[in-house]
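Colleague: Residue numbers (full-length UniProt numbering): 1 to 253.
Heads up, the beta-carbon is just placed ideally off N, CA and C, and yes, glycines get one too.
Since the model is a prediction, treat every value here as computed from it, not as a measurement.
Have a look at the structure that comes next, please.
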């Protein structure tokens, strides 16, 4: 059943020494960027943390204190460098116990081979909710608004989609988009007032600007407008008209 809480922004916590050492390239951030953009949800932040239990505890405590929705990738396995379960328990001041339903799922999946190591993945913080894993039935888990997923994309991504579909409602629908224009012969600082006016006039869009270094002696600023289709069109039309009044010629970016 669809959740009642609106999902407007999320953070990503991506865990693993292998990423910070350059042994593996992260795939979660680019995928999540595309996925959340398609459903109109902003990524508020992305944080990469190594396999450091003290730092993970500190990070989870900070996320919990801010009350942010966070999707965490990695560290929920059974090897010594998998520290997410332990860190989440410590950050929430809860014991780590064997979750009976998680244990049942792991035993059903692996039979005798669940022991002695795979069953360790059923040891979760007291009160944790399970996140089903369609790939191999070893669940992820959540506490509050922190959702802990495996590091493997083929497992984590459908699990994240399940969380969004069952726990949240998105406040921005699929008919939202980003439109952009490029304006030459102007510096970003000269457009601050105009960009502020756009945001004030069209409160349901978000406006961004990105200056580019001069090429051939010409300054260039790319302006982006994101929001509902109709509002984006109106904001872009108004902005284009105001730029033309200033003798500038915006081009589609």
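Straight-line CA distance for residue 204 to residue 31?
Modeller: So the alpha carbons of these two residues sit roughly 25 Å apart.
Colleague: Roughly how many angstroms lie between the CA atoms of residue 254 and residue 232, to the nearest whole one?
Modeller: It is not possible to answer for residue 254, since the shown part of the chain is limited to 1 through 253.
Colleague: Going by C-alpha to C-alpha distance, which of 86, 48, 157 sits closest to residue 34?
Modeller: The residue with the shortest Cα to Cα distance from residue 34 is 157.
Colleague: Please specify which runs of the alpha helix (DSSP H), each continuous and at least 4 residues long, are wholly inside the stretch 218–251, giving them in chain order.
Modeller: Listed in chain order, they are 229–245.
Colleague: Would you say residue 132 touches the ligand NAP, meaning its beta carbon is less than 8 Å from a heavy atom?
Modeller: With respect to the ligand NAP, the structure offers nothing, as it holds no ligand at all.
Colleague: In this structure, how does DSSP classify residue 206 when only helix, strand and coil are distinguished?
Modeller: It is a strand residue.
Colleague: Are the CB atoms of residue 144 and residue 67 nearer to each other than 9 Å?
Modeller: Contact: yes.
Colleague: So for residue 113, helix, strand or coil by DSSP?
Modeller: Residue 113: helix per DSSP, three-state reduction.
Colleague: The beta strand (DSSP E) spanning residue 123 covers which residue range?
Modeller: Here the beta strand (DSSP E) through residue 123 covers 123–125.
Colleague: With three or more C-beta pairs closer than 8 Å as the rule, is the stretch 33–52 touching the stretch 189–196?
Modeller: Short answer: they don't touch.
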